[in-house]
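For the working numbering, add 41 to where a residue sits in the sequence shown, where the first one is 1.
For every residue, glycine included, the Cβ atom is placed at its ideal position computed from N, Cα and C.
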Amino acid sequence: MATHVITSPVILDSLPYYDNDLSTDPELKALVDAEIVKELKSMPPLDPSRLPPELQLFQDKPLLAAELERAARQEALSSLDMTRYKLPGPTDDTELAWRVALDNAKAQLEHQKTRQLNQSLLQTYGANAWRVHNYLTEATAVQYEKALERLQDQTTELNRNRKNSQILAGNQLTSLEMRWTELISTVLQLELANVALEGELDDLQAQEREMGA
42 MATHVITSPV
52 ILDSLPYYDN
62 DLSTDPELKA
72 LVDAEIVKEL
82 KSMPPLDPSR
92 LPPELQLFQD
102 KPLLAAELER
112 AARQEALSSL
122 DMTRYKLPGP
132 TDDTELAWRV
142 ALDNAKAQLE
152 HQKTRQLNQS
162 LLQTYGANAW
172 RVHNYLTEAT
182 AVQYEKALER
192 LQDQTTELNR
202 NRKNSQILAG
212 NQLTSLEMRW
222 TELISTVLQL
232 ELANVALEGE
242 LDDLQAQERE
252 MGA
């Protein structure tokens, strides 16, 4: 069998692309799982002091911090206050009530003027603005898609190289293991031959002593 020499300085102690003992031997997998559970039980509990401190979000933005806490409590979002968009009349005939109603009417009028101005600007420039926005968004999406494709190609190439190197290492280990087995078998055969020769030598020596006597 041809052998392949791995020149990488990385020491591989696991070849998941090559080793398939766990997938072919259910009893071995159960044994390994039992050992993992046993090891996890023997591990000391996690020391909380080793954990990083809790991240405090929006420390300089109290409104966002309060909203985050509300979402964490799963409280419903309060409804919008629509009273300022209404145009009620004065509640009574006092000057204060009429002034409050008049100020509210002025505010509503200015709000409507602003809406009309925004509507006019949107009709004049909105279409082109949206075209430019869509163009920039599509260009950004294309850039992200190309970057994602490059990363996927790099990941595929990395996994392919890992698989090839592990298969080469696995073939080399298998070849070395077979060679080791052959050498061990040869050594055992030599030892058996030596034992047999020693036995024959003892027999010859015994016969020689008998003939000399």
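Limits of the alpha helix (DSSP H) - the one that residue 67 falls within: Going by DSSP, residue 67 is part of the alpha helix (DSSP H) stretching over 67-83.
Same chain only: Cβ atoms within 6 Å of residue 66, ignoring 5 sequence neighbours per side: Cβ neighbours of residue 66 within its own chain (closer than 6 Å, five residues either side excluded): none.
Test item: CB-CB of residue 146 and residue 158 under 8 Å: Not closer than 8 Å, so no.
Residue 195 - containing alpha helix (DSSP H), residue span: Here the alpha helix (DSSP H) through residue 195 covers 168-253.
Alpha carbon of residue 189 to alpha carbon of residue 182, nearest angstrom: Cα to Cα, the separation comes out at about 10 Å.
Run of the alpha helix (DSSP H) containing residue 116, from where it starts to where it stops: Counting along the chain, no alpha helix (DSSP H) covers residue 116, and no H or E run does either.
Between the CA atoms of residue 238 and residue 247 - distance to the nearest angstrom: Those two C-alpha atoms are separated by around 14 Å.
Between the CA atoms of residue 118 and residue 112 - distance to the nearest angstrom: Going by the C-alpha atoms only, they are around 8 Å apart.
Cα-Cα separation between residue 62 and residue 74, rounded to whole angstroms: Whole-angstrom Cα-Cα distance: 13 Å.
Collapsed DSSP secondary structure at residue 61 in the structure displayed: It is coil, neither helix nor strand.
Spatial distance of residue 191 from residue 172 (CA atoms): Straight-line spacing of the CA atoms in residue 191 and residue 172 works out to 29 Å.
Cβ-Cβ distance between residue 131 and residue 142 below 8 Å: Note that the C-beta distance between residue 131 and residue 142 is below 8 Å.
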